[in-house]
Amino acid sequence: ELYNRPKQGFDVPMLNWFRNELYAYLFDDLLKEETIRDQGIINYEYVAHLRNELHSATTHDTVEKIWILLVFQYWYNKYFLA
Numbered sequence: 049e050l051y052n053r054p055k056q057g058f059d060v061p062m063l064n065w066f067r068n069e070l071y072a073y074l075f076d077d078l079l080k081e082e083t084i085r086d087q088g089i090i091n092y093e094y095v096a097h098l099r100n101e102l103h104s105a106t107t108h109d110t111v112e113k114i115w116i117l118l119v120f121q122y123w124y125n126k127y128f129l130a
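Convert by adding 48 to the 1-based position in the sequence shown; the result is the number in this note's numbering.
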């Protein structure tokens, strides 16, 4: 019976991770104000807004935006700072 069920994905608890385990890494390291302002690419006020929204977010919209910033920062660090 189990092998006849259609495939289904699973939720990744990103909101929980961003609010807890990854919060300090995201906002004290990867997306800290000094880093963002020095790059001159992303408006830091927008990052701060997303950080504040993260505490009240119940939808995936804010989480997705933070995820995009996280991926961008990894890409930027790999190709521009390496």
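Just so it is clear, CB atoms sit at the ideal spot from N, CA and C, and this is done for glycine as well.
Asked                                                                                                                                          : Found
Would you please state the rounded distance, in angstroms, between the beta carbons of Ile114 and Leu78? I believe it to be under 8 angstroms. : Incorrect: roughly 10 angstroms between the Cβ atoms, too far for contact.
Could you say which of Val119, Gly57 and Leu98 lies nearest to Glu81 if we only look at CA atoms?                                              : Leu98
Report the rounded CA-to-CA distance for Phe128 versus Tyr51, giving the unit in angstroms.                                                    : 46 angstroms
With 16 as the cutoff for other CB atoms within 10 Å, does Ile116 come out buried or exposed?                                                  : exposed
So Thr110 and Leu118 are supposed to be a Cβ contact under 8 angstroms. How far apart are they, rounded?                                       : The Cβ separation is near 13 angstroms, so there is no contact.
How would you write the range of the alpha helix (DSSP H) that His108 sits in, first residue to last?                                          : His108 to Phe128
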